[in-house]
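Just below is one structure, and these are the notes that go with it.
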Amino acid sequence: MSNHPFFEIHKDIPREGPGNNESTRKAFRLLNGLPAHPNILDVGCGPGMQTKELATLTEGTITALDRHEPFLRELEKWTAEHGLTQQIKTVQGDMFDMPFPQESMDLIWSEGAIYIIGFERGLREWRKLLAPNGYLVVSELTWLTQERPDEIEAFWMENYPAIKQAEANEGIIEEAGYHLLHHFTLPEAGWWEYYRPLQERVALLRERYDGQVEMQQALDETQREIDLYKKYGAYYGYAFYIMQRQNDK
Ligand SMILES: C[S@@+](CC[C@H](N)C(=O)[O-])C[C@H]1O[C@@H](n2cnc3c(N)ncnc32)[C@H](O)[C@@H]1O
Numbered sequence: 002m003s004n005h006p007f008f009e010i011h012k013d014i015p016r017e018g019p020g021n022n023e024s025t026r027k028a029f030r031l032l033n034g035l036p037a038h039p040n041i042l043d044v045g046c047g048p049g050m051q052t053k054e055l056a057t058l059t060e061g062t063i064t065a066l067d068r069h070e071p072f073l074r075e076l077e078k079w080t081a082e083h084g085l086t087q088q089i090k091t092v093q094g095d096m097f098d099m100p101f102p103q104e105s106m107d108l109i110w111s112e113g114a115i116y117i118i119g120f121e122r123g124l125r126e127w128r129k130l131l132a133p134n135g136y137l138v139v140s141e142l143t144w145l146t147q148e149r150p151d152e153i154e155a156f157w158m159e160n161y162p163a164i165k166q167a168e169a170n171e172g173i174i175e176e177a178g179y180h181l182l183h184h185f186t187l188p189e190a191g192w193w194e195y196y197r198p199l200q201e202r203v204a205l206l207r208e209r210y211d212g213q214v215e216m217q218q219a220l221d222e223t224q225r226e227i228d229l230y231k232k233y234g235a236y237y238g239y240a241f242y243i244m245q246r247q248n249d250k
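Count the sequence shown with the working numbering and you get residues 2 to 250, in order.
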């Protein structure tokens, strides 16, 4: 599995989706009712860029869950080097079936990963793990405009047909039993924190896997996604949704 072109491309890069520490901090600071030592779950943590940032913002404990073991080993190495093994625990697990007691989390965090289970399903299923008044913070690919050029519309309809505008997601959030406290769009710089190292990796692997068709095709697809963002980044973005569990549903 780890030799698959996807994992070879997505190796040794600091983050696995668009984001930046500034936005992680901004979203966290919008939560003003957390207990002093919150129990936090970071779903689809990847190599843990946001996990590490959260650890600077709270004295709570963070459980970082991902399915891909090499990402967890990377995060564990960092955690040990920084003396944070008491604060950050890793769990290899599946976001579709997470092994935690009901109502055990004060905060569930997930940057660029809820799309895997689906925004609506993730909201509904993860709610059970949240303590009363607990918070859910996710970032999700979101249309920024009502109208879009055909090329980018077609690309996302093929690759992520569930993409919506924020207004439509707001309805889903209320229906799923949350109050939307805030939402904001990740600045463009956050995309380049992901795409810049990814693009460097694409260039490196082009040479390393010269003549290997499957890998070259995967590299073309990755490059295409980056090029489309350059061209159409005004039409879509990653939105952070900061939500609180409603207790009466
Ligand atoms: C786009 S990456 C985002 C990673 C990280 N949050 C970041 O922003 O850098 C999505 C992550 O979800 C993980 N993942 C994929 N399917 C999963 C599943 N079923 N359960 C848990 N994690 C999963 C992947 O291994 C990957 O680390």
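Cβ atoms here follow ideal geometry from the backbone N, Cα and C, with glycine treated the same way.
Answer with buried or exposed for G20, where buried requires no fewer than 16 other C-beta atoms within 10 angstroms of its C-beta. On the sequence shown, residue 20 is found 19 positions in, with the first residue counted as 1. The Cβ neighbour count for G20, taken over all protein chains shown within 10 Å, is at least 16; the residue is labelled buried.
Is it right to say T25 is buried, meaning 16 or more other beta carbons lie within 10 angstroms of its own, or is it exposed? Locating residue 25 in the sequence shown gives position 24, counting from the first residue. By the beta-carbon neighbour count (other beta carbons within 10 angstroms, threshold 16), T25 is buried.
What does the alpha-carbon distance come out to for the pair P36 and Y116? Looking up residue 36 in the sequence shown gives position 35. Looking up residue 116 in the sequence shown gives position 115. Taking the straight line from one Cα to the other gives about 28 angstroms.
Could you check what DSSP says for F97 in three-state terms: helix, strand or coil? Looking up residue 97 in the sequence shown gives position 96. Three-state result, F97: coil.
Tell me whether Q88 sits in a helix, a strand or coil according to DSSP, three-state version. As a working note, residue 88 is residue 87 in the sequence shown. Three-state result, Q88: coil.
Taking its Cβ as the centre, do 16 or more other Cβ atoms sit within 10 Å of M244, making it buried, or is it exposed? Stepping through the sequence shown from its first residue, residue 244 is reached at position 243. By the neighbour-count rule (16 or more Cβ atoms within 10 Å), M244 is buried.
Which residue spans inside the stretch 129–192 form an unbroken alpha helix (DSSP H) run of at least 4? Whole alpha helix (DSSP H) segments, 4+ residues: 151–160, 167–176.
For the alpha helix (DSSP H) that contains A37, what are its first and last residues? Working through the sequence shown from its first residue, we reach residue 37 at position 36. First-last for A37: undefined, no H or E at that position.
Can you round the beta-carbon distance between L199 and T223 to whole angstroms, since I take them to be within the 8 angstroms contact cut? The residue you call residue 199 lines up with position 198 of the sequence shown. The residue you call residue 223 lines up with position 222 of the sequence shown. In this structure L199 touches T223 by the C-beta definition: roughly 7 angstroms separates them, less than 8 angstroms.
Could you check if M50 belongs to the surroundings of ligand 1, using beta carbon to heavy atom distance under 7 angstroms? Here residue 50 is taken as the residue at index 49 of the sequence shown, counted from 1. Ligand 1 has a heavy atom closer than 7 angstroms to the beta-carbon of M50.
Based on Cα-Cα distance, which residue from W192, I173, L130, Y136 lies nearest to L182? Translated into positions along the sequence shown, residue 182 becomes position 181. Relative to the Cα of L182, the nearest Cα in the group W192, I173, L130, Y136 belongs to Y136.
According to DSSP, what are the bridge partners of G238? Numbered from 1 along the sequence shown, position 237 holds the residue referred to as residue 238. In DSSP, G238 forms a bridge with T143.
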